[in-house]
Amino acid sequence: MMLDAEESLPPRGVNGSLFQEIVTTDVTKKFKERHFALPLRSDGETPLGPLALFSFIVQTRVDKLPYKQQDLELKSALRSHLPDGVLLGAKEKGVMFPVVHFTNDKNSLKKRLSDEYLLENGFLLHQGVYREVRSICPEGEHHRTETVLPQHVGYILLGFKSIDKNFSQVMVDSWKDWTGARYIYMYLPDELGLTRITFYTREAPDSLNMFMYVVLVECRNISTRERQVRKI
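Numbering (the numbering used here), first residue to last: 17 to 248.
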């Protein structure tokens, strides 16, 4: 199979840092009945990547609250129902989902998806289960175990909808291009500490209203206000 020169060489950042792509799920061998981390059917079956539960919360009330008050209420509403996992607050104002929660907690994944009106008080909750299928990280990064302060970890979250409910191998194989992941690892400043770019595809629910694909970018050196701004 012919490859473009850009694809045949190891991906590099703007300063020459080497990155590697990891195939965590072979989508071409995905079984539709396999879901929510069910055990393998045979030794010959390719293991699937880990699952993650993403929760998107949006305010629906007509009288818009001040930004800080809205942020506090949204986070409080989510924490009361989703105590485990990572709670993300948007740095930008006016975004569709100002607060997002995600977790790979097995107990959370075993439960039914929550009703969108669970939170009440003018909030809607949209939940989806996503399977990790690809990831990119600096060479040797997945072997590192040093502890990083939570306040120094920042994320960039990208969501993509699709009118096609079926998995597309072409979309998966070309994900670095159309999601912008290639641009991110090539040009994101090294001092931000890019650790991992993870590509997820939706497992549930079967709804066009939810993102079909999610990209999560993790940076572990957001230690100053200036770096927070640069990440945005």
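Ideal Cβ positions, reconstructed from N, Cα and C, are used throughout, including at glycine.
Per-residue DSSP class, three states only, for Glu207: Here the question's residue 207 lines up with position 191 in the sequence shown. Of the three classes helix, strand and coil, the one that applies to Glu207 here is helix, per DSSP.
Outcome for Leu67 when other beta-carbon atoms lying within 10 angstroms are tallied against a minimum of 16: Position 51 of the sequence shown, counting from 1, holds the residue named residue 67. The residue is buried, with at least 16 neighbouring Cβ atoms inside 10 Å.
N- and C-terminal bounds of the beta strand (DSSP E) containing Gln75: The residue labelled residue 75 in the question sits at position 59 within the sequence shown. According to the DSSP assignment, Gln75 belongs to the beta strand (DSSP E) that extends over 67 to 75.
Tyr229, buried or exposed, once every other Cβ within 10 Å from all chains shown has been counted against 16: Within the sequence shown, the letter at position 213 stands for residue 229. Classified as buried, Tyr229 has 16 or more neighbouring CB atoms from the shown chains inside 10 Å of its CB.
Coil, strand or helix - Ile213 by DSSP: Here residue 213 refers to the residue found at position 197 when the sequence shown is read from its first residue. It is a strand residue.
Per DSSP, the bridge partner or partners of Gly175: Numbered from 1 along the sequence shown, position 159 holds the residue referred to as residue 175. According to DSSP, Gly175 shares a beta bridge with Val230.
Inter-residue Cα distance where the pair is Gln75 and Gly170: In the sequence shown, counting from the first residue as 1, residue 75 sits at position 59. In the sequence shown, counting from the first residue as 1, residue 170 sits at position 154. Whole-angstrom Cα-Cα distance: 23 Å.
Straight-line Cα distance separating Gln143 from Ser130: Working through the sequence shown from its first residue, we reach residue 130 at position 114. Working through the sequence shown from its first residue, we reach residue 143 at position 127. Going by the C-alpha atoms only, they are around 7 Å apart.
Phe124 vs Asp100 beta-carbon contact at 8 Å: Numbered from 1 along the sequence shown, position 108 holds the residue referred to as residue 124. Numbered from 1 along the sequence shown, position 84 holds the residue referred to as residue 100. In the sequence under discussion, the amino acid at residue 124 is Ser, which differs from the Phe named in the question. It is a contact, given that the beta carbons lie within the stated cut-off.
Glu89 to Trp194 span [Cα, whole Å]: Residue 89 sits at position 73 when you count from the first residue of the sequence shown. Residue 194 sits at position 178 when you count from the first residue of the sequence shown. Roughly 35 Å separates the two Cα atoms.
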